[in-house]
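Shown next, in structure tokens, is the structure this report addresses.
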Amino acid sequence: MYKRNLTSANFRKALLLTPKNQSVVVELNIHCAWKSSAFAQLKSVEGEIQKEIGHPLDWRPMPDKVSARILLEEKIDPGVEENRKKICDWFAEWTPKMFIAFKDRVKALSEPEQE
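Numbering-wise (our numbering), the sequence shown opens with residue 51 and increments by one.
Here it is as structure tokens:
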């Protein structure tokens, strides 16, 4: 088993402004050869994670893609100038919650022998 963290190339955290969807997103991106297993392991504790964060998450296994995604999304339009402070405040509140909820769980993932 390899030690991993949220800043590794395989597990990335991203903050997204999505004007098309009129939303902002904190995302955990799982980008590794064994992403299906990693996603399933995290999904198995979905209830615990969402309770800890205090917000529902959008779980996207994306089997035909290179990455799987777990998103925390809020409908705040980044295309509206007046929303800038609200967006900054939202990221300041929810980014640490996502990081804390996933940090130790990602480190504890068991890489399968072969996927």
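Heads up, the beta-carbon is just placed ideally off N, CA and C, and yes, glycines get one too.
Per-residue DSSP class, three states only, for Lys101: helix
Excluding sequence positions up to five away, which residues of its chain have a Cβ less than 8 Å from the Cβ of Arg54? Residue placement at Arg54 is poorly supported in this model, since its pLDDT is 43, which falls under 50; the coordinates still yield a value, given next. Asn60, Phe61, Val156, Lys157, Leu159, listed in sequence order.
Could you compute how far the alpha carbon of His81 sits from the alpha carbon of Gly104? 25 Å
How about Val141 and Leu65: are their beta carbons less than 9 Å apart? The amino acid at residue 141 is misidentified as Val; the sequence shows Phe. Yes; because the gap between Cβ atoms is below 9 Å, this pair is in contact.
Could you tell me whether the region 105-117 touches the region 66-74, where touching means 3 or more Cβ pairs closer than 8 Å? no
What would DSSP say about Lys147, mapped onto helix, strand or coil? helix
Within 9 Å (strictly less), CB to CB, does Lys147 reach chain B? In the structure shown, chain B cannot be found, because there is only a single protein chain.
Backbone CA spacing between Glu77 and Glu132 [nearest angstrom]: 24 Å
Environment of Lys85 [buried if 16+ CB atoms lie within 10 Å]: buried
Is the beta carbon of Glu163 within less than 8 Å of some heavy atom of the ligand FAD? Among the components of this structure there are no ligands whatsoever, and the ligand FAD is therefore not found.
Completely contained alpha helix (DSSP H) runs for the region 65-144, where each covers 4 or more residues: Counting whole runs of 4 or more residues, the region 65-144 contains the alpha helix (DSSP H) stretches 85-93, 96-103.
Cβ pair Pro128, Val95 closer than 9 Å: Taking a C-beta distance under 9 Å as the contact criterion, Pro128 and Val95 do not qualify as a contact pair.
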